[in-house]
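**Student:**
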Amino acid sequence: MCLRLGLILLVLCLTGCVEKTPRQDPLQLGQLLGGSDVSGYDRATTPRVFEFPRDHGPHPAFRNEWWYLTGNLVAKDGHRLGYQVTFFRNALSPIEEAQSLKQQNPSQWLSDSAWMAHAAVSDLGDGQHLYGQRFSRSSPGLAGAQANPLRVWLDDWSLSGQKHWQLKVIDRNFAIELDLRSAKPPVLQGNKGLSQKGRAPGNASYYYSITRIHSRGKVRVGDVVYEVDGLSWFDREWSTSALDDDMEGWDWFALQFDDGRDLMYYQLREFTGGAHPNSQGGRVAANGQYELLSRNDIDLVELDHWRAPNGFDYAVRWRMSDRTTGEQWLIEAPVRNQYMDLAVKYWEGAVVIYELPNRKPVGRGYLEMTRINPEG
Amino acid sequence: MTMPMSLKSVSLLHRSSWGYLRRHPWQTGLMGLGIALAVAMVVAVDVANASARRAFALTLESVTAGASHQILGGPSGIDERIYTSLRTDLGFRSSAPVIRGRVRVQGRTLILLGTDPFSEVALNGVQPDSLALADAKVRINPIRVLLQQPSVVLSQQTAQQLGLKSSESFNLDIDGAIKSVVLAATFEADNAAAAEGLVFADMSTAQWLLGRFGVIDSIDLHLQNDEVEPLREWLPAGLTLIDTGNRQQRLMQMSAAFHHNLTAMSLLALLVAALLIVNTVTFSVLKRRTSLGILRSLGVTRSELIRLICIETLIVAVVFGVLGCAFGVALGQVLVRFVSGTISDLYFHLHVTAFLLDYRSIAKGFVLGLGTAFISSLVPAWEAGKSLPVQVLQRSVVESGWHRRLPWMLLFGAVLAALGSAWLQWPSGSLWGGFAALGLQVVGFCLCIPALLMLLVKLIMAVFGYGFGISTRMAVRGIARGVSRSGLAVAALALALSVTVGVGVMIGSFRQTVIHWLEQSLQGDMHISVRNRNTQSVPADLIDDLRHSAEVFQLRQIRRTLVETQFGPLRLMAVASPTPLVTPELIMASEANWQTRLQEDEGVMISETLAYHRSLSSGDSITLLTDVGEKTFSVLGVFYDYTSSRGLLLMDDQVYRQWWRDQRVTAISLSRPPNVSAELWHQRVAERLVPYSETLQWHSSEGIRTLSLALFDRTFTITQALRLLVIVVAMVAIISALLALQLERQQQYALLRAMGMKPGQLMAMVLTETGLMGLVAALLAMPMGVVMADVLIDVINRRSFGWSIQFYWAWETFLQAFALGILSALVAGLYPAWRAARLQPANGLREQ
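Residue numbers (our numbering), protein chains in the order written: chain P, 1 to 376; chain U, 1001 to 1848.
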């Protein structure tokens, strides 16, 4: 091991030299959104006015932010693929502090934020799940985001464009190059875009989605390149803190039905077991009409689990019941292992929706599950 | 039947050995001491060499972080946007930016290494177990501190040495500017030695500390084979992509010659020790001729006797070899500092000063010591074994054998020396070839010494014989009669003295050459330079001001920097001067009109070392990496230079500025107008410079000379130390030999005392004898020393470093060696003389 690695590990294993608690090891996605050092940052406390394309760009007054794309694609030969790409921004200091630091040190390397990106391709035909991650500081121009034209990037991974967007992610084992055209306008999730996550005021995020995006392009899995077509889902969220201390993560569903409806639902999980009262979702009709779904509207039952290498159990088959319409679906991951075994570990993968009780496939979607406690 | 007999005879023999060794602790001890010292020297030099080489490798590794390739730029560094482009446009994520500088902490110079912790993750292919993005408070604090605050990271060892704890603030001195930083964290390095002396910082902090914004020094890369060419094509002009493995190897090779030289010096000590061993063993054979004769008469075979002597020597060698190893390790710890210091001065700044104990070094020294002892004991052992039992009993047989062999030894020695000389004439010889030839000469010389000793003694007798008193004549004859021992003692001393003469004359000549060269090359009366060549420049307004000042007669402007060439990084000096860039005295060879061509053509002058090592001469060409890409310059001439063993390029300032986008001036030199008092002038110019003292330093020519010579002397500290060690081994050798010789004469002395010689007369006689031997050794050492100096200057030094050195007769070196020879012989004779004087005639004669 070379010398400088010591430095890196020191930097990255930040807890290694500091106090360690069982909950912090291993680090989970949910923890990115927790934490108590929020002074100096804006908080999501009241609904705000959203404006596009401005709000596609960054919100540096908030501590965390992400740009998130998932999609189900089909190749010309019928081969089915799923993909996800996420860019995470994490402020290193509140904006005012960052500005005053810049006055003291004019180095372009002085960064106000640190970035992480994740990408994955699931080959639903042969069960392969390939994934990768990137890290970077923001400056000098190594990672960042801008609104108009949209550009979100980390190294050579990028989402960019004005009217149509181009997604370009090239990793050693896989590549995703898609042209994205939204089929529906953005919808504001929660209370006009304010998505309350925890009980405390401010433990919330601003959250909007573009739930249906026509996607076309190329996906490479290993050495095989597929010409693909399909639907993507775009989620945007920014916050300073979101989760309460007693939350262990969430189960998040983004479902696209063949009849043109889209449904998002997240179940916030409490350490005590049940779903947090702030679990919620939204339904977008084929014409773009949005309808809020509360915890009482959706019922979720875990039917089958897949155990991750680190002992965490993730539900890979679910039954979802929509009490408002009386519909019931079986939601199943065709590939059980779509585990993101990265610095931040979670399960994220493509799912198929079957109508119950006739088990007829009626749509596809993406499921994300984060866990902190091993008992899952 | 045979078994018990043989067992009995073996134990009898061994008991006889043990008895002898025990009865002669002085002899055994001195031989052991000689072996121990020689082994210690071999071990120490090897350990020091190995440590220094390891330090060199670690230093290189630590600054390239195990990358497969590096992108390097010109003197101004690399525009940091290139790095952004490399990652965001090309996606070379196994890449990391690096900026380097030197900082001082508590008076210690450390290497500041600025990099980007995020980039390093991918570069080193690690999957971090945790993530810097985590924002729980305890997690984010270190990364925030490191990325946004003036903070650094040290290895635990370095922090400990500096007495610093995490979160403590401390000051860094960067070329005189003091900046405060926080120790963000310490880390436990896998190889603590390699991290020693390194200060890690985030790129933003490092740029701020060094005051170098917008640039980085290099980009470390891990490239797949198929990525190399596309990247090379993409690189903007002025940047180069190099294979770090090749480069490290080349850099390491630079100091190889230096290490070989030290090893050769340590082997010389071994040779002196060999003479000592031959001497001691011969003495022990002579001393025991009675018992050995009895053993032979009792039926002990010749081979058993040879084995006995050899085993005896080997046992002493093993015991003292172990002691020598232990001493060598201790000595190595001292030497490694000198060796590393010299490498830092001559080749590459080493931030690592680790002491590495390589067991192979110890084994090497031990085996060499044992081998030398074994081989050295063979001759006397064979002598003891080959004689008939009755002959062994007679001492005179041994001496007459020696006398018979003297002409043959002389002839053989002369042939060896001649062979060595012929070998040295071989034009394309290697460094080791040079050492081997020198070795032949040395061995040949040693073989000649007993015969020469006899000749000289006879000559002295013939010329002065009748003028001497009886005791003096007896002393002179004593030398001749005991030539088996006196010859060896004189050889050992002469060899050691010739080493000190040879090395001393070489260093003295080198020093004189450098002094002469400094006089020629130091143009101007005042030399002003920036404190940091990488970041600072002599202010343009100051240059302008001085140029137009009536106080300045002439102004020379210099930019010193490193450029990449096909031979690796080389120093380049771009000069703007109203006088020729090189004075005619310093030119070895040149093209016609080199002066005008230097300004008009794209040509360079190269230093002698570069010309020698790369077989370049005027008319050839050299390719340099300029800011607009690679460019071939013709070599217009070769000049003498002693500042760099790697080589130096000299270029006209205008040509330099044309090819490099670099406006910096790193030094100027000023000449004072005629008829102005030097002292007053210096004072007045210095006053003008005071406002710039944060970035500039200035010296008079005399000051530069002093500094240069101090550096020169520091470089040779290690050589001087080894030279002293050889002398110490030789002292042991001569004391041992004289002691043997004199102790053996006890009966003779007793007889003389009985015949009425006074103790004082006897003492004088013994001292005359030893003093005479010292005189002869010193006389013989002079020509050999001169030959050795000549070989060191013309062959060894040239093949090692490529420098031309003028031979200077450093008389004080000869006088020192002369005095040393006589003095050490006299000192060695003191104890035997004292013993002889105190001898009770009756006791001494009892044996008779």
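Ideal Cβ placement from N, Cα and C applies to all residues, glycine included.
On the DSSP bridge list, what partners appear for residue 88/P?
**Tutor:** Looking at the DSSP assignment, residue 88/P forms a beta bridge with 66/P, 116/P.
**Student:** Leaving out five residues on either side along the sequence, give the residues of the same chain with a beta carbon under 6 Å from the beta carbon of residue 1597/U.
**Tutor:** The answer, listed in chain order, is 1603, 1636.
**Student:** Determine which residues of the stretch 305-325 of chain P have a Cβ less than 8 Å from any Cβ of chain U, and write them out in chain order.
**Tutor:** Going along the stretch 305-325 of chain P in chain order, one finds no residue with a Cβ nearer than 8 Å to chain U.
**Student:** Kindly indicate which three-state DSSP category residue 1206/U falls into: helix, strand or coil?
**Tutor:** Helix.
**Student:** Which bits of chain P does residue 1203/U rub up against, with CB to CB less than 8 Å?
**Tutor:** The answer, in chain order, is 107, 109.
**Student:** Would residue 1373/U and residue 1313/U qualify as a contact pair, given that the criterion is a beta-carbon distance under 8 Å?
**Tutor:** Going by C-beta atoms, residue 1373/U is nearer than 8 Å to residue 1313/U.
**Student:** Could you tell me if residue 1359/U is buried or exposed, where buried requires 16 or more neighbouring beta carbons within 10 angstroms of its beta carbon?
**Tutor:** Residue 1359/U comes out exposed.
**Student:** Measuring CA to CA, which of 355/P, 343/P, 308/P, 342/P is closest to residue 336/P?
**Tutor:** Ranking the options by Cα distance to residue 336/P, first place goes to 308/P.
**Student:** How many whole angstroms separate the CB atoms of residue 1796/U and residue 1807/U, which I take to be in contact at a CB cut-off of 8 Å?
**Tutor:** Incorrect: roughly 14 Å between the Cβ atoms, too far for contact.
**Student:** Does the beta carbon of residue 140/P sit closer than 8 Å to a beta carbon anywhere in chain U?
**Tutor:** Output row for residue 140/P: interface = yes.
**Student:** Please classify residue 1417/U: is it buried, with 16 or more other beta-carbons within 10 angstroms of its beta-carbon, or exposed?
**Tutor:** Counting Cβ neighbours within 10 Å, residue 1417/U comes out buried, since at least 16 surround it.
**Student:** So with CB distances below 7 Å, who are the chain P contacts of residue 1147/U?
**Tutor:** Ordered by position in chain P, the residues that pass the 7 Å Cβ test against residue 1147/U are 92, 111, 137.
**Student:** Along the chain, where does the beta strand (DSSP E) containing residue 1097/U start, and where does it finish?
**Tutor:** Per DSSP, residue 1097/U belongs to the beta strand (DSSP E) from 1095-1105.
**Student:** Is DSSP giving residue 1316/U helix, strand or coil here?
**Tutor:** DSSP places residue 1316/U in helix when its eight states are reduced to three.
**Student:** So if I threshold CB-CB distances at 9 Å, which residues from the stretch 152-175 of chain P count as touching chain U?
**Tutor:** From the stretch 152-175 of chain P, only 153, 154, 155, 156, 157, 158, 170 have a Cβ closer than 9 Å to chain U.
**Student:** When you compare the stretch 1225-1243 of chain U with the stretch 1179-1186 of chain U, are there three or more beta-carbon pairs, one atom per stretch, that lie closer than 8 Å?
**Tutor:** Contact fails: fewer than three Cβ-Cβ distances are below 8 Å.
**Student:** For residue 1334/U, which of helix, strand or coil comes out of DSSP?
**Tutor:** Looking at residue 1334/U - three-state DSSP - the assignment turns out to be helix.
**Student:** Distance check for residue 1559/U and residue 1043/U, CA to CA, integer angstroms please.
**Tutor:** Roughly 44 Å between the two C-alpha positions.
**Student:** CB-CB under 7 Å to residue 217/P, same chain, minus the five flanking residues each way: which ones, in chain order?
**Tutor:** Cβ neighbours of residue 217/P beyond the five flanking positions: 177, 178, 179, 228.
**Student:** Is it buried or exposed for residue 109/P, if we count other Cβ within 10 angstroms and need 16 for buried?
**Tutor:** It is buried - the Cβ of residue 109/P has at least 16 other Cβ atoms within 10 Å.
**Student:** What is the DSSP secondary structure of residue 1383/U, counted as helix, strand or coil?
**Tutor:** Helix at residue 1383/U.
**Student:** Among the candidates 1089/U, 1158/U, 1170/U, 1166/U, whose CA atom is the shortest distance from the CA of residue 141/P?
**Tutor:** The shortest Cα separation from residue 141/P among 1089/U, 1158/U, 1170/U, 1166/U belongs to 1089/U.
**Student:** Which whole-angstrom value is the C-beta distance of residue 132/P and residue 138/P, which I expect to be below 8 Å?
**Tutor:** Incorrect: roughly 20 Å between the Cβ atoms, too far for contact.
**Student:** Which of helix, strand or coil does DSSP assign to residue 284/P?
**Tutor:** Reduced to three states, the DSSP call for residue 284/P is strand.
**Student:** Expressed to the nearest angstrom, what Euclidean distance is found between the alpha-carbon atoms of residue 1425/U and residue 1413/U?
**Tutor:** Rounded to the nearest angstrom, the two C-alpha atoms are 19 Å apart.
**Student:** Do you know offhand how far residue 293/P's Cα is from residue 301/P's?
**Tutor:** Looking at the two C-alpha atoms, the distance is approximately 17 Å.
**Student:** From the DSSP secondary-structure annotation, give me the bridge partner or partners of residue 1019/U.
**Tutor:** According to DSSP, residue 1019/U bridges with nothing at all.
**Student:** May I have the straight-line CA-CA distance separating residue 331/P from residue 356/P, to the nearest angstrom?
**Tutor:** Taking the straight line joining both Cα atoms gives about 10 Å.
**Student:** Within the same chain, show all residues whose beta-carbon is closer than 7 Å to that of residue 1532/U, passing over the 5 residues directly before and after it, in chain order.
**Tutor:** Contacts found: 1175.
**Student:** Look at the alpha carbon of residue 199/P and the alpha carbon of residue 278/P, and state the distance between them as a whole number of angstroms.
**Tutor:** Approximately 8 Å, taken between the alpha carbons.
**Student:** With DSSP collapsed to three states, give me the class of residue 369/P.
**Tutor:** The answer is strand: DSSP assigns residue 369/P an E or B state.
**Student:** Can you tell me which of the three DSSP states residue 1592/U falls into?
**Tutor:** It is coil, neither helix nor strand.
**Student:** Residue 191/P bridges to which residues according to DSSP?
**Tutor:** In DSSP, residue 191/P forms a bridge with 194/P.
**Student:** Closest to residue 1336/U by CA distance: which of 1427/U, 1249/U, 1356/U is it?
**Tutor:** The candidate whose alpha carbon is nearest that of residue 1336/U is 1356/U.
**Student:** Quick check: residue 61/P and residue 37/P, are their CB atoms within less than 8 Å of each other?
**Tutor:** For residue 61/P and residue 37/P, no; Cβs fall outside 8 Å.
**Student:** Taking 8 Å as the cut-off, does the stretch 1516-1529 of chain U touch the stretch 1571-1585 of chain U (at least 3 CB pairs, one atom from each stretch)?
**Tutor:** Yes, they touch.
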